[in-house]
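So the structure is just underneath, and the comments pick up after that.
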Amino acid sequence: MAERLAERSAELVRWLRRAAHAMPTRLAFFTISALVLFWTIFPHAADLNEFRDAQVLFNYEDVAVRTVRKWFELPLWNPYYCGGLYALGTPQSRFAAPPFLLSVLFGPLRAAPLIAMAMSVLGMEGFYRYARTRTASALGPALMAPIFAGNGFFAFSFFHGWLNFYGFELLPWVLFGIDLALRGRRQGAVYCAAAFAFIVGFGGTYGGPLAGLLAIAHVLRGFAESPRKVLRASAYRELGIALALSLCMCAFRLWPVIESLIAAPRLMAGAPGEPVDLFRERLFWLSAPGDGNYTRAGQQYTGMVVCWLFALGLLRKRSWGALVLLALSVWVSTGFAYEKSAFGALRELPVLHMLRYPERFLLITCLLACEVAAQGIDWLLTPARLVPKLGIPVLALAIGLAIYAQDGLVRNQRASAAGMWRSPAPLEIERPFAQARGNRWLAAHYASISRGSLNCWEAYPLPMSSALRGDLPQEEYLLDPASGTTRRLDWSPNGIDVLVELRAPGKLLINQNYHPGWHSSVGTLVDHEGLIGVELPAGKHEVHVRFRPRSAVFGGLITLASFAFAFAWWTQRRRVSAYAAGAVPVLLLSAFTLYTEPLPKQPPPTNADGSLVVVDALPPDARPLRVEFDLPIEIAGSRVDRDIGDGIGRVEVFWRVKGLVPQHLGISVHFESSKGRFVTADHDAIGASFLPRRAPRDELLRDAASAVLDSAPDEHWRVYVCLWYTRGPPDRVKIHDSGGAVIDKDRVLVGEF
Amino acid sequence: MGYLRMLGVILSLAAVMVAGGRAALAGRTPVTELKGEARERVLHALADDEPRRRTDAIRAFPGDRWSQGDAFTGRESEIVRSQTAVNKVALESVLDVLDADLHARRVPGRQAGAPPCKPRPQYD
Chain A
87 MAERLAERSA ELVRWLRRAA HAMPTRLAFF TISALVLFWT IFPHAADLNE
137 FRDAQVLFNY EDVAVRTVRK WFELPLWNPY YCGGLYALGT PQSRFAAPPF
187 LLSVLFGPLR AAPLIAMAMS VLGMEGFYRY ARTRTASALG PALMAPIFAG
237 NGFFAFSFFH GWLNFYGFEL LPWVLFGIDL ALRGRRQGAV YCAAAFAFIV
287 GFGGTYGGPL AGLLAIAHVL RGFAESPRKV LRASAYRELG IALALSLCMC
337 AFRLWPVIES LIAAPRLMAG APGEPVDLFR ERLFWLSAPG DGNYTRAGQQ
387 YTGMVVCWLF ALGLLRKRSW GALVLLALSV WVSTGFAYEK SAFGALRELP
437 VLHMLRYPER FLLITCLLAC EVAAQGIDWL LTPARLVPKL GIPVLALAIG
487 LAIYAQDGLV RNQRASAAGM WRSPAPLEIE RPFAQARGNR WLAAHYASIS
537 RGSLNCWEAY PLPMSSALRG DLPQEEYLLD PASGTTRRLD WSPNGIDVLV
587 ELRAPGKLLI NQNYHPGWHS SVGTLVDHEG LIGVELPAGK HEVHVRFRPR
637 SAVFGGLITL ASFAFAFAWW TQRRRVSAYA AGAVPVLLLS AFTLYTEPLP
687 KQPPPTNADG SLVVVDALPP DARPLRVEFD LPIEIAGSRV DRDIGDGIGR
737 VEVFWRVKGL VPQHLGISVH FESSKGRFVT ADHDAIGASF LPRRAPRDEL
787 LRDAASAVLD SAPDEHWRVY VCLWYTRGPP DRVKIHDSGG AVIDKDRVLV
837 GEF
Chain B
15 MGYLRMLGVI LSLAAVMVAG GRAALAGRTP VTELKGEARE RVLHALADDE
65 PRRRTDAIRA FPGDRWSQGD AFTGRESEIV RSQTAVNKVA LESVLDVLDA
115 DLHARRVPGR QAGAPPCKPR PQYD
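Top line first, the protein sequences correspond to chains A and B. One gets our numbering by counting positions in the first sequence from 1 and adding 86 to each. One gets our numbering by counting positions in the second sequence from 1 and adding 14 to each.
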């Protein structure tokens, strides 16, 4: 009897291992797991997520779907938001990836849960493949895959409408590709590059840089773990190809995004961070959003089971590499909570200085924890191999733990979805497109009524014309209305046809933002105060204005060439791969020699009140100063005034940064009245444009600040300015040389009124 | 393993079909448009208060044009939502009332544009 039981146990374990190993059964398990996870979301598939970020992100996807469905065009330009923006160059739009097909097929609303589910399945399969390379049995990775892919971070992202963060599901594919490349396998470079292209195309503002960092760390781990393998030349070759192929495959999206961010860099101030002990709320507490907002609880819900299995997994030496990376990821996730900050070091690097939330690195922690937990299941199953009669109890324990863990994730997902703020699907009003004043808090509701929202929020200061209007009788008009007439012939997001009759040479204006990617069939297309302008000769013209940016055209061609290379490389067609690789430099050369298009210009940095930051000299009515601090930064002048009518006091401080200053430096502005009142206008960035550390050197920088004073006419105010360290004890920066200015407690008196 | 593979394919397809079906057949809440006098009423609720909301926004964010516009529209969105709920109509219909009015008449001092996007460096 005992022998028979042992035989049956061993048979069951073998059968389950084979089922986990076989792709169809594994995918069935993953698909059903994802279906269970998202089950309660589907009944609300036709509803709109009303969270503020979801408004903007939905607009991007909605407009892309409309562009394809209604006009059969590629979604390159989005005229429905901010007065028009380069859709492909906006880092947060997610339409440039395969899930967009679901949006086109089902519509952007109904596709959202399907995309989340599909990405989860992709994440599970990626995790399985990655973890499987490190376990003896297929069962551990298969059981832990839904735990990684169902992490609370994804529920948190769905809640906010950040579907683009589902790109993180592809992180294991990047690691899997690197593992293969380290073994000298050709497929490695292709997996790695395809995963990167997917992440970047899917709006990976965080996903892309994070995947890049993780990839570098994983290569180093690979070097450390198996030095003999990586010494093979083929490993270096494959890693090199993975890097080059990743860049080229991402070109269609990376090029436009880089151009956009160079023209309008994202400024990220502050010192976010939280101590490690608070992570238990994120990782082990179920989410409980209320009133449309999430608390810390459950934001990266993983569950305690992973910890138990993680502890078992650490008994295996091969999991120690993951442990090192895991510890690093926890450290980065704490942000600036401790004196030594890994996140702070990352923020010193190009691109990464735009990262905002350090706790998002906890997802990497969870990924690595799940990898080690899969080893833990492997460890649990080892006795079953040695003592067959232990098979069923051990298996029951492993499966029971996995089910318990997944139950926690399902409950977390449901709690998260239950707290979502939803409204009915938007009403459709078909009519000619026009700009409206708009409202970014309701941005998702404008495209369906054929209106664009000029009111705009984005994470970066995207270039917008101040001349845009939401009350025009015609969206295409002449600068001088008396010089002729215009009539719209045809309109689509990427193209506008206008019949223009001019009695004398004139300028046609289009009520959308200028971008160098716009081209006109007649006359000269120009930037008119940030609007699209076309200078035309006298006469009758059919003007065809089209958006064909170089970065999309040639970036797309480079991506196509890299896909051809990837296919040829995978299938070992050497001649094809050589041609495809050769096409890339030819395309790049052609892009900059044959295609006439100026690079997008960076608008001059401005203060929040619209005044220019970089100035040649002090204004005539400014007060010259020469106050030198203990750091290489000085105050060169100041100007103060107040308006009794609106009760607002204003100060302009003219700074000059002469060398490297600390990362965390704040500017304090104190208004002190003769009646004992004290008002502040503290801020982090000079002119709302530069953190002091990244400010241009040796330039005169105007830094404007205002505060509501509501002062009585006889009230006398003194305005003081100082620098202070925003991290650590809040000390003020000492003044090295006052240059004759009045100093009070390390503050400079910059003016009185 | 042949049967097992077949079972896997069938189960996967079934799960995909169930998900697709649930998404495609999810009920859509019917919405109606604002008409007649209700449009006038809603317009007054939205437009009459604009100067005061502009002043509030200026005082909330002195010297910060984008934040002022953002605060103004934030308050406007609350009124739009409340009018949507009170009149039991589509939110887009309420937005359309405001847009139609802006396109129909120019009122001195009333802004028809928006300040260029300039997110605050730190807004948490």
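For each residue, glycine too, the CB sits at the ideal point set by N, CA and C. Predicted, not measured: the structure shown is a model, and the values here were computed from it.
Annotation: the continuous alpha helix (DSSP H) that includes Pro-110/A extends over 109-124.
Assignment of beta strand (DSSP E) within the segment 708-776 of chain A, counting only whole runs of 3 or more residues, yields 709-715, 719-729, 734-743, 751-759 and 764-766 in chain order. Spanning the alpha carbons of Gly-745/A and Gly-762/A requires a straight line of approximately 37 Å. If only complete runs of 4 or more residues are kept, the segment 387-416 of chain A shows the alpha helix (DSSP H) at 390-399, in order along the chain.
Listed along chain A, the residues sitting closer than 7 Å to Leu-25/B by beta-carbon distance are Ala-114 and Ile-118. DSSP lists Leu-622/A as the bridge partner or partners of Gly-592/A. DSSP places Ala-501/A in the uninterrupted alpha helix (DSSP H) bounded by 477-504. Around the beta carbon of Lys-132/B, 16 or more other beta carbons sit within 10 angstroms, so the residue counts as buried. Counting along the chain, the unbroken alpha helix (DSSP H) around Ser-81/B starts and ends at 79-101.
Closest option to Pro-227/A, judged by alpha-carbon separation, among Leu-123/A, Leu-143/A, Phe-115/A and Phe-288/A: Phe-115/A. In the assembly as shown, Gly-22/B is a buried residue. Its beta-carbon has 16 or more other beta-carbons within 10 Å. Contact annotation: in the segment 64-79 of chain B, residues whose CB is within less than 9 Å of a CB in chain A are Thr-69, Ile-72, Arg-73, Ala-74, Phe-75, Pro-76, Gly-77, Asp-78 and Arg-79.
Distance check between Tyr-546/A and each of Gln-688/A, Gly-592/A, Ala-503/A and Gly-641/A places Gln-688/A closest, using alpha-carbon atoms only.
Distance from the CA atom of Ala-173/A to the CA atom of His-769/A, rounded to whole angstroms, is 32 Å. Contact with chain A is found for His-117/B, since one of that chain's Cβ atoms lies less than 7 Å from the residue's Cβ. Straight through space, the alpha carbons of Pro-161/A and Gly-263/A are spaced by roughly 30 Å. Assigned with DSSP and collapsed to three states, Trp-803/A falls in strand. Under the DSSP assignment, Trp-604/A falls in the beta strand (DSSP E) whose first and last residues are 604-606. The straight-line gap separating the alpha-carbon atoms of Arg-271/A and Phe-447/A is approximately 29 Å. For the 7 Å CB-CB criterion, Pro-444/A and Pro-358/A form a contact. Comparing alpha-carbon positions, the option among Met-203/A, Glu-457/A, Leu-123/A and His-130/A lying closest to Arg-42/B turns out to be His-130/A. With its beta carbon less than 7 Å from one in chain A, Val-45/B belongs to the interface. Residue nearest to Gly-731/A within the set Trp-543/A, Phe-234/A, Leu-795/A and Val-480/A is Leu-795/A (criterion: CA-CA distance).
Residue pairing by DSSP places Ile-821/A opposite Phe-715/A in a beta bridge. Between the segment 781-798 of chain A and the segment 695-709 of chain A, the count of Cβ pairs shorter than 8 Å is three or higher; the stretches touch. Three or more beta-carbon pairs drawn from the segment 634-648 of chain A and the segment 338-349 of chain A are found closer than 8 Å, and the two stretches are therefore classed as touching.
About 12 Å separates the Cβ atoms of Leu-60/B and Ser-107/B, ruling out a contact at the 8 Å cut-off.
Sequence-distant Cβ neighbours of Pro-579/A in its own chain, meaning closer than 6 Å and more than five residues away, are Thr-153, Trp-163 and Pro-165.
Spanning the alpha carbons of Leu-674/A and Glu-544/A requires a straight line of approximately 30 Å.
Interface criterion not met: the Cβ of Asp-62/B is under 7 Å from no Cβ in chain A.
Distance from the CA atom of Ala-182/A to the CA atom of Trp-656/A, rounded to whole angstroms, is 24 Å. A direct Cα-to-Cα measurement between Pro-684/A and Val-612/A gives close to 11 Å. With a cut-off of 8 Å on Cβ pairs, the segment 297-311 of chain A is in contact with the segment 392-410 of chain A, counting three or more such pairs. At a Cβ-Cβ threshold of 7 Å, Ile-327/A and Ala-275/A count as neighbours. DSSP links Gln-521/A through a beta bridge to Gly-538/A.
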